[in-house]
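Asker: The sequence shown begins at 408 in the numbering used here and counts up by one.
Pasting a structure below so you can have a look.
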Amino acid sequence: VVVVVVERTRRTMHARAVICMPSIARAWPSHRARARSSPRRRAARVKSRAQDAENDAETNPNDDANDDISNASSVLGDVISSPLFYVTFGVAGGVILVQKLGENAAFALSAFPIVGLTLISKTDFGAKLQQNIEDKRPALEADKARKEIERAAARAKSTFYGKDRVKFLGDVDFDYPAYLDGSLCGDVGFDPLGFSKDPKDLAKYREFELLHGRWAMLGVVGAALPEFLQTLGVVELGEPVWWKVGAWVMRSDIELNYLGMSGFHIAGGSGIAIIAVCQLVLMGGPEYARKVGIESLVPVGVWLPGDADYPGGAPFDPFKFSDNADEFEKQKVMEIKHARLAMVAMAGVFAQAFVTRSGCVENVLQALGAA
């Protein structure tokens with residue numbers, strides 16, 4: 408009986424497949440049916456499958472290229488180099504490690520991004536990741552060139568770009584600088600001191616403007632939000648005023664909660680030296696990568712399809728907003744406008760703190776007569 412069962416196992420499994428998945432059974436006939444099928448029928452099936460494959464190739468000629476693009480970057484490299492990871496799960500993981508290992512673990516955590524990426528790049532695994540990028544580079548470069556063409560077309564029809572764009576004096580007749588031709592987002596023809604006559608200077612100052620503007624947007628939120636939340640009674644932070652926090656932390660043994668996890672001490676037991684070193688290490692890696700250029704992450708298998716100002720890719724555009732050319736060019740204009748406004752706002756926050764010795768939310772409430 409055992410021998411019979413073993414000999415019939417394969418056939419029995421097929422019978423079960425027929426019962427459970429009739430569509431599969433129809434696509435893959437039994438061995439007896441195959442045996443009964445004539446050579447002419449088998450040849451016809453082979454020809455039909457070949458024709459289907461050929462039709463698929465003609466219908467979707469870019470499928471292979473798209474597969475190369477989607478599979479080019481390594482997931483590990485994308486995660487380690489992603490800012491989104493560090494402001495979500497990375498911070499939460501850091502809190503847990505500090506709880507387990509003590510406050511001095513902060514130094515190791517701050518060094519993790521640059522050290523982790525460097526270690527990966529020096530291994531055979533890293534070499535394979537880089538080779539994967541190099542093998543798929545033609546498809547990646549072709550996709551990048553295609554997107555640039557689409558974005559150029561989007562700029563050509565946008566009212567924010569080109570010679571007919573809105574300028575800072577509106578309809579007033581004015582001799583605007585010829586080197587500000589409307590090719591950059593947010594170019595309103597404003598350069599009264601002629602700082603950007605040299606194209607190299609123009610590119611450098613645009614990079615600086617974006618860099619400082621992005622920091623300013625984060626800074627304004629960071630300065631206002633804690634004080635705003637405490638004013639509403641949502642949280643109790645001890646010292647919510649941004650410019651007083653540093654001195655208050657250094658004089659106190661402060662325990663903060665993050666995502667419901669307690670016991671995370673920011674500075675009390677570490678001292679200013681440890682904090683400064685952590686900041687140096689944490690910012691040193693990104694600054695070095697920025698200096699090296701857009702391909703600094705290729706050795707760890709991360710392909711960034713953009714440029715230094717808008718690198719894109721999974722680390723910087725995880726939701727692929729930039730795939731839509733029209734929306735991407737519009738978002739660039741919105742970003743630079745918000746960045747400029749944030750820089751002015753941050754300057755105001757600095758000035759008000761110096762003059763009034765109060766927080767920015769309290770200044771607003773006083774101006775509105777609510778405080």
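Note that CB positions come from ideal geometry on N, CA and C, so glycine has one too.
Let me know if residue 776 comes out buried or exposed under the rule of 16 or more other beta-carbons within 10 Å of its beta-carbon.
Answerer: Position 369 of the sequence shown, counting from 1, holds the residue named residue 776. Label assigned to residue 776: exposed.
Asker: From residue 637 to residue 625, what distance separates their C-alpha atoms?
Answerer: Counting from 1 along the sequence shown, the entry for residue 637 is found at position 230. Counting from 1 along the sequence shown, the entry for residue 625 is found at position 218. One C-alpha to the other measures close to 19 angstroms.
Asker: From this set, 631, 655, 686 and 554, which residue's C-alpha is nearest residue 759's C-alpha?
Answerer: As a first step, residue 759 is located in the sequence shown; it is residue number 352 there, counting from the start. With distances taken between Cα atoms, residue 759 lies closest to 631.
Asker: Can residue 620 and residue 764 be called in contact, C-beta distance under 8 angstroms?
Answerer: Position 213 of the sequence shown, counted from the first residue, corresponds to residue 620. Position 357 of the sequence shown, counted from the first residue, corresponds to residue 764. Against a cut-off of 8 angstroms, the Cβ pair of residue 764 and residue 620 comes out as no contact.
Asker: How would you label residue 568, buried or exposed, when you count the other beta carbons within 10 angstroms and need 16 or more for buried?
Answerer: Numbered from 1 along the sequence shown, position 161 holds the residue referred to as residue 568. Buried, since its Cβ has 16 or more Cβ neighbours within 10 Å.
Asker: DSSP three-state label for residue 562, please.
Answerer: The count along the sequence shown starts at 1 and reaches residue 562 at position 155. Residue 562: helix per DSSP, three-state reduction.
Asker: Answer yes if the stretch 721-737 comes into contact with the stretch 701-711, meaning at least three C-beta pairs across the two stretches below 8 angstroms, and no otherwise.
Answerer: Yes, since at least three Cβ pairs between the stretch 701-711 and the stretch 721-737 fall closer than 8 angstroms, the two stretches touch.
Asker: How should residue 683 be labelled, buried or exposed, when 16 other C-beta atoms within 10 angstroms of its C-beta is the threshold for buried?
Answerer: The sequence position of residue 683 within the sequence shown is 276, counting from 1. By the neighbour-count rule (16 or more Cβ atoms within 10 Å), residue 683 is not buried but exposed.
Asker: For residue 735, I'd like the list of residues in its chain whose CB is within less than 6 angstroms of its CB, leaving aside the five on either flank, ordered along the chain.
Answerer: In the sequence shown, counting from the first residue as 1, residue 735 sits at position 328. Result list for residue 735: 729, in chain order.
Asker: Among the residues of its own chain, which have a CB less than 7 angstroms from the CB of residue 749, if the five just before and after it don't count?
Answerer: The residue labelled residue 749 in the question sits at position 342 within the sequence shown. Only 620, 623, 624 and 627 meet the Cβ criterion.
Asker: Is the number of C-beta pairs between the stretch 523-540 and the stretch 698-706 that are closer than 8 angstroms three or more?
Answerer: Counting Cβ pairs under 8 angstroms, three or more are found: they touch.
Asker: For the candidate residues 588, 575 and 640, whose alpha-carbon lies nearest to that of residue 597?
Answerer: Residue 597 sits at position 190 when you count from the first residue of the sequence shown. Of 588, 575 and 640, the residue nearest in Cα terms is 575.
Asker: Could you pull out every residue in the same chain whose Cβ sits closer than 7 angstroms to the Cβ of residue 535, ignoring the five residues on either side in sequence?
Answerer: As a position in the sequence shown, residue 535 is number 128, starting the count at 1. Same-chain partners within the cutoff: there are none.
Asker: Thinking C-alpha only, which one of 641, 629, 732 and 543 is nearest residue 649?
Answerer: Here residue 649 refers to the residue found at position 242 of the sequence shown. Minimum Cα distance to residue 649 is reached at 629.
Asker: Note down, in chain order, each residue of its chain lying with its Cβ closer than 6 angstroms to the Cβ of residue 756, except the 5 sequence neighbours on either side.
Answerer: As a working mapping, residue 756 is identified with position 349 in the sequence shown. If we look at residue 756 and ignore the five residues flanking it on each side, its Cβ neighbours are 630 and 767.
Asker: Using the C-alpha atoms, what's the distance from residue 507 back to residue 737?
Answerer: For this step, residue 737 is matched to residue 330 along the sequence shown. For this step, residue 507 is matched to residue 100 along the sequence shown. Their backbone Cα atoms lie some 46 angstroms apart in a straight line.
Asker: In three-state DSSP terms, what is residue 701?
Answerer: Here the question's residue 701 lines up with position 294 in the sequence shown. Coil.
Asker: Taking the Cβ atom as the reference point for each residue, do residue 716 and residue 639 lie within a distance shorter than 8 angstroms?
Answerer: Walking along the sequence shown from the start, residue 716 turns up at place 309. Walking along the sequence shown from the start, residue 639 turns up at place 232. No. Outside cutoff.
Asker: Go ahead and pull the three-state DSSP assignment for residue 612.
Answerer: Taking the sequence shown and counting its residues from 1, the one referred to as residue 612 is at position 205. Helix at residue 612.
Asker: Taking only three categories from DSSP, how would you classify residue 604?
Answerer: Position 197 of the sequence shown, counted from the first residue, corresponds to residue 604. Correct three-state label for residue 604: coil.
Asker: Whole-angstrom Cβ separation of residue 732 and residue 558, contact assumed at under 8 angstroms?
Answerer: Your numbering for residue 732 matches position 325 in the sequence shown. Your numbering for residue 558 matches position 151 in the sequence shown. Going by Cβ atoms, the distance from residue 732 to residue 558 rounds to 5 angstroms, so yes, they are a contact pair.
Asker: Determine the direct distance from the alpha carbon of residue 550 to that of residue 411, and round the result to whole angstroms.
Answerer: Sequence index remark: in the sequence shown, residue 411 carries index 4 (1-based). Sequence index remark: in the sequence shown, residue 550 carries index 143 (1-based). Confidence in residue 411 is poor, its pLDDT being 34 and thus under 50, which makes the residue's placement too unreliable to answer from.
Asker: To the nearest whole angstrom, what separates the beta carbons of residue 751 and residue 593, a pair I think is in contact under 8 angstroms?
Answerer: What you label residue 751 is simply residue 344 of the sequence shown in a count that begins at 1. What you label residue 593 is simply residue 186 of the sequence shown in a count that begins at 1. About 14 angstroms separates the two Cβ atoms, so there is no contact after all.
Asker: Going by DSSP, what residue range makes up the alpha helix (DSSP H) through residue 755?
Answerer: As a working mapping, residue 755 is identified with position 348 in the sequence shown. Counting along the chain, the alpha helix (DSSP H) containing residue 755 begins and ends at 732-763.
Asker: Out of 538, 529 and 563, point me to the one whose CA is closest to residue 588's CA.
Answerer: On the sequence shown, residue 588 is found 181 positions in, with the first residue counted as 1. Ranking 538, 529 and 563 by Cα distance to residue 588 puts 563 first.
Asker: Using the three-state DSSP reduction, which class does residue 621 fall into: helix, strand or coil?
Answerer: Taking the sequence shown and counting its residues from 1, the one referred to as residue 621 is at position 214. Residue state, collapsed to three classes: helix.
Asker: So which of 485, 578, 653 and 689 has the shortest CA-CA distance to residue 533?
Answerer: In the sequence shown, counting from the first residue as 1, residue 533 sits at position 126. Checking every option, the nearest Cα to that of residue 533 belongs to 485.
Asker: Expressed to the nearest angstrom, what Euclidean distance is found between the alpha-carbon atoms of residue 602 and residue 586?
Answerer: For the purposes of this step, residue 602 is taken as the residue at position 195 of the sequence shown. For the purposes of this step, residue 586 is taken as the residue at position 179 of the sequence shown. Taking the straight line from one Cα to the other gives about 11 angstroms.
Asker: May I ask you to report which of helix, strand or coil DSSP gives residue 542?
Answerer: In the sequence shown, the residue the question calls residue 542 occupies position 135. Residue 542 falls in the helix class under three-state DSSP.
Asker: Alpha carbon to alpha carbon, how far is residue 647 from residue 641? Give it in angstroms, no decimals.
Answerer: For the purposes of this step, residue 641 is taken as the residue at position 234 of the sequence shown. For the purposes of this step, residue 647 is taken as the residue at position 240 of the sequence shown. If I take the Cα positions, the gap works out to 12 angstroms.
Asker: Ordered along the chain, which non-local residues of its own chain (more than five positions away) have a Cβ less than 6 angstroms from that of residue 753?
Answerer: Residue mapping note: residue 753 aligns to position 346 of the sequence shown, counting from 1. Cβ within range, chain order: 623, 626 and 627.
Asker: Can you tell me whether DSSP reads residue 721 as helix, strand or coil?
Answerer: Position 314 of the sequence shown, counted from the start, is the residue given in the question as residue 721. Reduced to three states, the DSSP call for residue 721 is helix.
Asker: Could you tell me which of 539, 547, 591 and 581 sits nearest to residue 561, measuring between CA atoms?
Answerer: Taking the first residue of the sequence shown as 1, we reach residue 561 at position 154. Of the candidates 539, 547, 591 and 581, the one whose C-alpha sits nearest the C-alpha of residue 561 is 591.
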